[in-house]
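Residue numbers (our numbering): 107 to 353.
Beta carbons: idealized from backbone N, C-alpha and C, even for Gly.
First up is the structure itself, then whatever we jot down about it.
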Amino acid sequence: MAVYHADALVIRSREFGESDRVLTLFSREMGKLQAVAKGVRKPKSRQRAGAQLFTYADYLIHRGKSIDTVSQCSPRESFPHLWYDLDRSFAATGIAELLDISTIPAQPNKELFGLTLTCLFLLEQFDPALVLSAYALRSMTLLGYRPLLGECAECGVNIAGERLFFSSEAGGTLCGQCQESYSGRWLRAGSVAFMRQLIKADITKIDRLRWNAWMQQEILETLRLFVEHRFERPLKSWRMGSLSADV
Ligand SMILES: [Zn+2]
107 MAVYHADALV IRSREFGESD RVLTLFSREM GKLQAVAKGV RKPKSRQRAG AQLFTYADYL
167 IHRGKSIDTV SQCSPRESFP HLWYDLDRSF AATGIAELLD ISTIPAQPNK ELFGLTLTCL
227 FLLEQFDPAL VLSAYALRSM TLLGYRPLLG ECAECGVNIA GERLFFSSEA GGTLCGQCQE
287 SYSGRWLRAG SVAFMRQLIK ADITKIDRLR WNAWMQQEIL ETLRLFVEHR FERPLKSWRM
347 GSLSADV
């Protein structure tokens, strides 16, 4: 098969050579893949739009010996709202980066593809920090890394109290007995309960959930540390994130 179609999102786009870009695509059928989009940095390139970060398009890709090349692209959605608002842009970049570090090439995951696409649409209306937090929790769940929240990650007992001890290393909250052998941080019970809701609720209705500035900060920080520990890579955009706690 010399040519194939990819129904895909651009999750990374970096400059290459004089006028090309190397795209990291996350496709519905094939998972993550890389392809060069030639000449797209020239002003008159017709494929320019298809090489932009977050673009959702149908790509016709030519299989090459060392790297594949985009030969045609029909954009379906370019998410203009992600380009005109700094917080929305940061959240979308955070989603793309998380998807990139948590997946390996050629491993399809249709549910994860669907979740990513849905969240990029939700960023038009919803609180961006809320969408990013829900995305992180749900993508970890789809990949089999859902953090345990409210039960002990080590022995399984239910944990009560105003504050719960969370350890990225253990994979979630820990009871008083088990926490001694782990490093971690204290979370307010409200934040733990809120994270459970972000996993369970209908994602198209998460804007009905109410949180406040300290919960937002605590949850984003906890999720960042959890993901960075799990994949041993920094989430650069999350660290820079100006997702200011000003809800
Ligand atoms: Zn325990």
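For residue i, three-class secondary structure by DSSP
i	result
A108	coil
G156	helix
V353	Here V353 scores only 38 on pLDDT, less than 50, and its place in the model should not be relied on; the value that follows carries that caveat. In this structure, V353 counts as coil in the three-state DSSP scheme.
R339	coil
Q213	coil
K138	strand
S287	helix
C179	strand
D113	strand
W292	strand
R302	helix
R330	helix
R127	strand
I265	coil
R316	coil
Residue from the options whose Cα sits closest to the Cα of residue i
i	options	result
D164	W344, S133, K144 and A143	S133
R120	Q140, M136, H111 and V109	Q140
E109	R169, L243 and L129	A quick correction: the sequence has Val, not Glu, at residue 109. Closest by alpha carbon: R169.
I173	F122, L238 and Q231	F122
R314	C179, W344, L228 and S195	L228
K342	A197, Y241, A112 and G145	A197
L249	L205, A143 and V263	L205
S208	R345, V333 and W344	V333
Whole-number beta carbon distance between residue j and residue i, since they are thought to touch under 8 Å
i	j	result
L166	S184	Their Cβ separation, rounded to whole angstroms, is 18 Å, which puts L166 and S184 out of contact at 8 Å.
S289	E275	6 Å
P214	M136	6 Å
I309	T199	Not confirmed; about 20 Å, so no contact.
R152	S125	Incorrect: roughly 13 Å between the Cβ atoms, too far for contact.
Limits of the alpha helix (DSSP H) - the one that residue i falls within
i	result
D206	L192 to S208
L248	P234 to L248
Short CB-CB distance (under 8 Å) between residue i and chain D
i	result
I173	In summary, chain D is missing from the structure at hand, where a single protein chain is found.
Per-residue burial, residue i [other beta carbons within 10 Å of its own, 16 or more giving buried]
i	result
A351	Residue placement at A351 cannot be trusted, given a pLDDT of 48 that sits under 50; what the coordinates show is reported in the next sentence. It is exposed - the Cβ of A351 has fewer than 16 other Cβ atoms within 10 Å.
P234	buried
K171	exposed
W292	exposed
T328	buried
S245	buried
E324	buried
K138	buried
V405	Residue numbering for the chain in the displayed model covers 107 to 353; residue 405 lies beyond these limits and cannot be assessed.
S180	exposed
Where the beta strand (DSSP E) through residue i begins and ends
i	result
Y162	Y162 to H168
T279	G278 to L280
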